[in-house]
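**Student:** In our numbering, the protein residues as written are 24 to 524. Where is the CB? At the ideal position from N, CA and C, for every residue including glycine. Right, I'll just put the structure down here and ask away after.
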Amino acid sequence: MPASSRDSAAGAGWRDQQPGSYTELMPTDTPRVFWLNPATLWKARNGPLASLFGDPSGADRQRWVRRQTDRGADRDLLIRRDDPDAYSFLLMGDTGEGDGPQYAVVPGLLKAGADTRFALLCSDVLYPVGSANEYRDKFFRPYRDYQAPIYAIPGNHDWYDGLTGFMRVFCRAPQLPASPRPRLLSAAWWRALLWKSPDTPDDAALDDARRMRSAPAQAAEQPGPYWALDTGPLRIIGIDTGLLGDIDEEQGAWLRRVSQGSRPKILVTGSPIYVDGEHHPCAITGGGTVDDIVRDPAHHYVAAIGGDIHNYQHYPVDVDGRRIEYVVSGGGGAFMHATHVIPKVSVGGVEEDAFRCYPMRGDSLAFYSRLYGRRLHLRKLFELTPEEAAAVISRRLGIPAARQSAAPVTLRTRFVATALGVARTPHRKARMRLPVRKTYTKVLSPGAATFAPPFFKSFLRLDVSPGAVRVRAFAATGMREQELDPPVEDDFTIVLPPAGA
């Protein structure tokens with residue numbers, strides 16, 4: 024088995040290594056998404072507007088689903104696949120910036136997923152605003168050699184385009200007519216003044232892009248933005264959490280309905296339920312939460328996997344004597360959200376020794392220290408080696424170092440850890456620390472996109488059998504060594520309840 028980041032710094036993609044071949048897959052003129060560019064922020068304005076003036080995505084989602092069922096889609100939005108009881112599939116989230124980090128995932132994904140029967144994308148298929156006119160190089164081109172269907176659920180960035188691009192690509196749905204004009208001076212009226220309208224899809228260009236994934240084995244069409252997929256012994260249920268990370272009443276009723284029965288189930292969501300050491304149960308309009316449904320023993324959920332946060336996290340939660348695996352899988356290609364700002368984990372009965380993340384906190388801190396050392400022209404002050412970063416993380420959080428490090432913890436390394444937001448153990452208060460958990464997620468991480476490896480991307484392979492599902496998180500660093508033999512950063516098995524239990 025290849026060395027992972029838990030084995031060595033080289034396994035993490037550090038040290039002098041040969042870059043991978045992923046650049047050969049990219050178009051010659053690859054645009055880059057710069058998240059702190061005012062033009063990019065202006066394109067993505069619908070999220071803040073929804074927070075201020077009300078979120079229309081629930082009503083718009085209902086319009087999309089009704090039009091789909093009127094066009095003949097299954098009333099329960101079921102996808103019925105003819106898969107055997109033993110098979111494999113891939114899953115990844117937050118993919119499509121269309122640049123080096125996204126394409127760096129592809130070689131390892133094709134190698135580790137060569138015999139898989141389909142792939143799932145959970146959250147944010149495209150950045151920055153999900154336009155149908157950007158799917159060519161951000162979806163069809165990178166996955167043209169994956170010889171199986173790809174199904175998806177949208178994330179908030181796909182909703183910045185009113186879901187128009189997503190629905191055109193994955194559901195072959197025509198564009199929605201304009202919404203009725205809102206009442207003068209209402210919150211919706213103020214929102215409409217600044218609201219970004221969907222791009223009009225260029226159907227000729229989109230048809231040309233589809234030829235990159237036109238083989239019969241790649242064919243896939245899904246009934247709506249949320250769906251239930253019956254495959255082998257499993258039912259996989261994908262939900263659409265819209266712009267603000269919740270679901271509307273109609274989708275909530277559908278979720279309760281398709282969650283019935285003894286078949287083992289996996290939830291796929293755009294908003295993870297456990298993330299960054301916190302519990303986010305995902306509200307349903309009208310009452311209740313998505314996690315209430317997941318935890319109900321009558322529904323037989325065994326896992327809930329979400330995107331949105333661009334890294335990998337795993338929380339094995341005991342729920343009344345049953346174990347439900349809560350996973351974040353958002354490392355499919357977009358900029359990396361920092362993991363070094365995650366405090367020592369103690370949530371939902373999960374303690375630090377059972378928690379896993381990728382990149383590991385020390386590698387995340389080393390990555391950001393180098394980035395801001397270069398940007399601030401303070402490399403001698405800010406840049407930490409992976410060994411220094413691991414040592415200061417271990418000291419600050421009071422946890423064993425994932426990789427053994429003999430590096431000393433000095434005044435300089437403590438300063439860098441504080442400035443870049445490393446938490447302290449609960450009984451020790453930080454004297455100087457930015458409000459980094461929110462700042463890193465919303466500002467510093469998006470501004471930290473880099474285009475040279477290591478990238479610390481990831482994807483999942485799930486191997487299904489009648490009695491178990493094995494889940495492996497594979498790393499993609501952009502380095503040649505990890506392309507040829509993708510390392511495994513986490514590996515666990517879900518035991519399925521007996522049929523009819």
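Can you give the Cα-Cα distance for A240 and P197, rounded to whole angstroms?
**Tutor:** Going by the C-alpha atoms only, they are around 25 Å apart.
**Student:** With a 10 Å radius around its C-beta and 16 neighbouring C-beta atoms as the bar for buried, classify K134 as buried or exposed.
**Tutor:** Classification for K134: exposed.
**Student:** Measure the C-alpha to C-alpha separation of L388 and G123 and round it to an integer number of angstroms.
**Tutor:** L388 and G123 have their C-alpha atoms some 21 Å from each other.
**Student:** Using a 10 Å radius around the Cβ and a threshold of 16 neighbouring Cβ atoms, would you call Q530 buried or exposed?
**Tutor:** With the chain covering only 24 through 524, there is no way to say anything about residue 530.
**Student:** Assuming V439 contacts L407 under a Cβ cut-off of 8 Å, what Cβ separation, rounded to an integer in Å, is found between them?
**Tutor:** 6 Å
**Student:** Do you know whose CA, among T118, S74 and A496, lies nearest Y335's CA?
**Tutor:** A496
**Student:** Where does S220 fall in DSSP's three states?
**Tutor:** coil
**Student:** Please go through the same chain and pick out, in chain order, the residues whose beta-carbon is closer than 7 Å to the beta-carbon of A155, but skip the five residues on each side of it.
**Tutor:** T187, G188, R191, V192, D222, P224 and L229
**Student:** From the DSSP output, which residues share a beta bridge with G178?
**Tutor:** For G178, which the question treats as bridged, DSSP gives no partner whatsoever.
**Student:** On the DSSP bridge assignment, give the partners of S339 in chain order.
**Tutor:** The sequence given here has Pro at residue 339, not Ser. Per DSSP, E348.
**Student:** Which class does E374 belong to by DSSP, given the choice of helix, strand or coil?
**Tutor:** strand
**Student:** With H, G and I counted as helix, E and B as strand and the rest as coil, what does DSSP make of W250?
**Tutor:** strand
**Student:** In three-state DSSP terms, what is L149?
**Tutor:** strand
**Student:** Using only the alpha-carbon positions, how far apart do K480 and V351 sit?
**Tutor:** K480 and V351: Cα-Cα distance of roughly 12 Å.
**Student:** Since F497 sits in a beta bridge, which residues does DSSP pair it with?
**Tutor:** F482 and V511
**Student:** Across which residues does DSSP place P42 in a beta bridge pair?
**Tutor:** M502
**Student:** What residue range is occupied by the uninterrupted alpha helix (DSSP H) comprising I316?
**Tutor:** V313 to R318
**Student:** Return the first residue and the last residue of the alpha helix (DSSP H) that M49 is part of.
**Tutor:** Taken as a continuous stretch (DSSP letters only), M49 belongs to no alpha helix (DSSP H), as it is neither H nor E.
**Student:** When you compare the CB positions of L290 and I260, do they come within less than 7 Å of one another, or not?
**Tutor:** yes
**Student:** Between the Cα of R19 and the Cα atoms of F141, L114 and H303, which residue gives the shortest distance?
**Tutor:** Outside the displayed range of the chain (24 to 524) lies residue 19, so it cannot be described from this structure.
**Student:** Which runs of the beta strand (DSSP E) at least 3 residues long sit entirely within the segment 250-334? Give them in chain order.
**Tutor:** 250-254, 257-262, 288-292 and 324-329, all fully within the segment 250-334.
**Student:** What's the C-alpha gap between V492 and F112?
**Tutor:** V492 and F112 have their C-alpha atoms spaced approximately 11 Å apart.
**Student:** Could you check where the alpha helix (DSSP H) with M190 kicks off and where it finishes?
**Tutor:** Element bounds for M190: T187 to C194.
**Student:** Roughly how many angstroms lie between the CA atoms of I328 and E375, to the nearest whole one?
**Tutor:** Approximately 19 Å between the Cα atoms of the pair.
**Student:** State the Cα-Cα distance for the pair R164 and P177, rounded to the nearest angstrom.
**Tutor:** 19 Å
**Student:** Taking Cβ positions, are A32 and P477 nearer each other than 7 Å?
**Tutor:** no
**Student:** What's the call for A175, buried or exposed, on a 16-neighbour Cβ count within 10 Å?
**Tutor:** buried
**Student:** Rounded to whole angstroms, how far is the Cβ of I316 from the Cβ of L278, which I believe are closer than 8 Å?
**Tutor:** 6 Å
**Student:** Tell me, please, which residues DSSP counts as bridged to A67.
**Tutor:** Note: A67 sits in no beta bridge, so no partner.
**Student:** In three-state terms, what does DSSP make of R103?
**Tutor:** strand
**Student:** Going by DSSP, what residues sit across from V518 in a beta bridge?
**Tutor:** Per DSSP, the beta-bridge partners of V518 are A491.
**Student:** Tell me, which residues are paired with R379 by DSSP?
**Tutor:** Paired residues: H337.
**Student:** Tell me where the beta strand (DSSP E) around F112 begins and ends.
**Tutor:** From DSSP, the beta strand (DSSP E) with F112 extends over Y110 to M115.
**Student:** Three-state secondary structure (DSSP) at G136?
**Tutor:** coil
**Student:** Under 7 Å, do I173 and A243 count as touching if we go by C-beta distance?
**Tutor:** yes
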